Each structure stands twice: as structure tokens, then as C-alpha cells.
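Residue numbers (the numbering used here): 6 to 414. Read through the structure below, which is laid out as C-alpha cells, and then see the notes.
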Ligand SMILES: Cc1ncc(COP(=O)(O)O)c(C=O)c1O
């Protein structure tokens with residue numbers, strides 16, 4: 006990712022100046038577009054400009070911005086009670102209700118939910134749980150994986166692709182190793198020393214890479230043979246993004262632990278790791294309080310998440326995801342500037358083949374009112390991952406705008 010090279014920073018009003026001075030920056034060249042409000046598939050600036058949101062907060066806003074059901078749930082719960090006591094002590098209806106609904110929708114063995122605050126914390130919790138349950142320390146991940154930005158999550162980034170981020174922060178955690186996604190032969194590196202294997206069933210930040218036929222099944226089998234736990238990171242793929250409510254259902258493979266975040270909170274910050282009781286209960290003793298968190302499962306976030314999940318189900322949003330994704334593909338794939346489209350549901354990587362073209366199209370997108378982004382490990386393709394509630398007309402109109410930008414490359 007070469008963000009520094011691409012975006013100019015015109016500082017022309019006080020709010021932008023304060024943003025640059027007082028809000029910590031993650032790159033030297035932020036977009037600097039001010040958001041006034043967001044609704045459905047769009048957000049708007051104070052100058053009255055409208056942007057198609059084709060990032061959806063990185064697969065967060067699956068039910069659309071300012072979804073009325075989610076807004077109502079937040080308002081009602083906030084007026085009722087917000088934070089009361091650290092996670093796991095008091096019985097709070099929004100948490101219990103959401104956990105119960107989630108496990109009803111997941112395979113039977115995923116029966117117990119540990120709520121946390123973010124994706125990286127869900128990964129942290131899942132890794133600790135795997136070590137605790139198996140009494141092993143070896144952890145395997147996939148090359149070009151992204152699981153978050155904490156020390157443990159960064160240690161899961163493979164080598165050499167992850168070195169750009171990992172190197173500056175060494176030493177990271179020991180006993181981590183990465184294998185090649187979709188390489189059946191490398192599954193042999195899972196052994197009876199391996200505590201767990203962590204995988205995104207569809208790799209997001211690698212630039213949308215889908216599993217080869219039978220790969221996840223072979224991985225499941227190898228984990229069963231060796232006693233390693235299989236952890237699915239469905240933080241980006243969950244809640245309908247790939248065309249099923251969860252990607253594990255699309256591929257018919259059940260992990261021992263699943264990590265969720267992003268769309269889990271319906272736009273509010275929320276993460277979770279979910280497992281069967283036999284595994285999860287090991288965090289309770291020796292030591293007691295094996296993983297603790299103040300705000301995990303915040304009642305307002307759980308109320309928002311449950312409202313969003315119910316919206317997805319009640320409005321049959323997930324059933325339409327594959328059709329809308331295919332429509333984008335059909336509308337864009339014949340453009341001469343497009344080398345390839347990699348896609349799972351409404352998660353698309355449109356490959357241009359050259360980073361210079363990618364940086365240029367980002368500028369053009371800004372001009373025509375499109376928010377897109379590239380991928381951590383792939384700066385030659387742009388992302389299309391809009392709210393799943395995007396209408397067919399909006400798909401057609403945004404694809405038309407994208408084509409006008411592709412024409413100008
Ligand atoms: C697959 C995946 N896992 C984990 C994370 C980390 O989530 P968070 O940013 O909430 O820590 C991300 C974030 O982009 C992700 O895409």
C-alpha cells in the first residue's frame with residue numbers, strides 16, 4: 006500500500022486543519038472529505054456533494070446508512086441504559102437477545118458468544134482460547150491475511166507480504182507461521198503442535214481471493230486429524246457480504262471458533278468470538294478472568310446489531326446479494342481497462358493491473374462522487390463493497406460513473 010504517493014492534502018478550512026492537527030493520522034495523505042450525513046448507499050458533504058459509498062465502512066454498513074430500524078434501536082437502548090458494569094457480570098437483555106439470535110442462525114456447535122469491541126480483539130480472544138483449550142502454542146495463518154492491527158493480529162500477517170507492517174514493530178509474538186492460501190500440500194504443516202489455524206474463508210485484503218474447491222474441507226480434515234482448532238475470521242465476510250449470511254454456510258465448513266465484527270454491530274463498534282461451550286468455558290478458570298474487557302457487548306451496540314441482523318433477514322437482503330454482485334460484474338467486465346474482476350457476492354476487486362492507474366482512478370472517483378478504496382496487499386485493484394441494500398438502479402448508476410472514470414485512464 007503506497008498511500009503517501011497518491012493523495013494531495015489541500016487544507017482550506019478550519020475543521021480540516023483541526024482534523025490534521027488534533028486527530029491522529031494513519032497516513033500522511035488522508036482523503037479529507039468532510040461527512041455531513043449519510044443515508045442508504047450515500048454520504049453527503051456540507052457543500053452538498055453526494056458520494057456513492059462503495060466501501061461501506063469496510064463491510065460494516067451492510068444494512069445501509071441511517072437504517073431507521075437501527076437508529077430506533079440505538080435511541081431506545083441509549084435512553085434505557087448504556088454501560089453499567091464490565092462485560093460478563095450483569096444480565097443485560099440486548100446482549101442475551103443478540104447472542105441467542107446469532108447462535109440460532111449459526112451451526113449448532115457454535116453455541117456460546119463472547120462479545121468484545123472490535124475485530125482485532127475478537128482475534129486476540131480466539132487465539133488465547135485456542136492456546137488455553139489445546140495447551141499448544143503453534144499458530145498458523147495464511148499468507149496475505151489481514152486480521153487486525155494489534156501485536157497478535159499483526160503476527161498473523163504472513164511473510165514476506167506482511168513484513169512492511171510487521172518489521173517496524175518487532176518483536177511480535179513467537180510461534181506464528183503462515184502457509185499459502187489454497188495450497189493443499191502445505192496443509193501438512195499443520196501438526197499436533199498446532200493450537201489453531203486462522204483463515205478468512207474469502208481473503209479480503211489480499212484483493213478478494215476465494216477458496217479453491219475443496220480447500221476449506223481439506224483444511225477442516227487436517228485440523229481434525231491433528232487436533233488443531235479451526236478459526237474462521239468472518240469479520241469482513243459475515244452478515245451477507247458473500248451472498249450467504251456467513252461464508253461458512255456458502256462453503257459448507259464449520260469452524261471451531263468464528264470471529265465476527267464490522268457488520269456485527271450494525272454500524273456500532275462490536276466484535277465477538279463464538280465457539281462450543283467445551284472450548285469457551287476454558288476461559289473461566291485457571292486463571293479465572295482469562296479474557297476480560299470493559300465495554301465488550303455494549304448494550305447499545307448489541308441492540309443496534311440485533312436490529313441490523315433482523316433487518317437483513319426480514320427484508321431478504323442476503324438473497325439479493327449474489328444478483329447485485331453479478332450485475333456489477335456484468336456492467337464492468339467488458340471495459341478495456343479492466344483486467345479481471347474477482348468477486349464473492351458484493352465484495353469485488355476490479356483489477357486494473359497497474360498501481361498508477363489505480364491511484365489515478367481514485368482521484369477520478371472523488372471527482373464524480375464515488376468512494377472506493379484499494380486493498381492492503383493489492384494496490385492494483387479497486388474495491389466495490391457497498392451497503393447490501395444498494396438498489397439495482399444504484400448499481401447501474403454507480404457502474405456507469407465508474408465506466409466514465411475507466412474511460413479517462
Ligand atoms: C478480515 C478482517 N479481520 C479483522 C479485521 C480487524 O478488525 P478491526 O479493525 O475491527 O480490528 C479486519 C479489518 O479490516 C478484517 O478485514
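The beta carbon of each residue, even a glycine, is placed where N, CA and C say it ideally should be. Being a predicted model, the structure only gives us computed values, none of them experimental.
Taking 7 Å as the line, does the beta carbon of residue i fall inside it for any heavy atom of ligand 1?
| i | result |
| --- | --- |
| residue 205 | yes |
| residue 119 | no |
| residue 378 | no |
| residue 384 | no |
| residue 210 | yes |
| residue 125 | yes |
| residue 153 | yes |
| residue 61 | no |
| residue 276 | yes |
| residue 128 | yes |
| residue 184 | no |
| residue 58 | no |
| residue 404 | no |
| residue 240 | yes |
| residue 268 | no |
Beta-carbon within less than 7 Å of residue i's beta-carbon, same chain only, minus the 5 sequence neighbours each way: which residues are those?
| i | result |
| --- | --- |
| residue 65 | 267, 268, 272 |
| residue 154 | 125 |
| residue 345 | 356 |
| residue 400 | 329, 332, 333 |
| residue 274 | 122, 123, 306 |
| residue 103 | 307, 310, 311 |
| residue 270 | 306, 309, 310 |
Under a Cβ-count criterion, where at least 16 other Cβ atoms within 10 Å of its own Cβ denotes burial, should residue i be classed as buried or exposed?
| i | result |
| --- | --- |
| residue 105 | exposed |
| residue 34 | exposed |
| residue 410 | buried |
| residue 82 | buried |
| residue 47 | buried |
| residue 316 | buried |
| residue 367 | buried |
| residue 9 | Only weak support is given to the placement of residue 9: the predicted model assigns it a pLDDT of 45, under 50, and the value that follows is read from those uncertain coordinates. Exposed. |
| residue 229 | exposed |
| residue 147 | buried |
| residue 72 | buried |
| residue 32 | exposed |
| residue 192 | buried |
So, helix, strand or coil for residue i, using DSSP?
| i | result |
| --- | --- |
| residue 144 | strand |
| residue 360 | helix |
| residue 23 | helix |
| residue 102 | helix |
| residue 57 | strand |
| residue 271 | strand |
| residue 340 | coil |
| residue 349 | strand |
| residue 238 | strand |
Could you pull out every residue in the same chain whose Cβ sits closer than 6 Å to the Cβ of residue i, ignoring the five residues on either side in sequence?
| i | result |
| --- | --- |
| residue 189 | 223 |
| residue 213 | 347, 352, 354 |
| residue 112 | 259 |
| residue 244 | 67, 268 |
| residue 152 | 128, 158, 161, 238 |
| residue 325 | none |
I'd like the list of long-range same chain contacts for residue i, defined as Cβ closer than 8 Å, with 5 residues on each side in sequence excluded.
| i | result |
| --- | --- |
| residue 334 | 346, 348, 353 |
Which ranges would you report for the alpha helix (DSSP H) in the segment 123-198 if only whole runs of at least 4 residues count? 124-139, 156-160, 168-171
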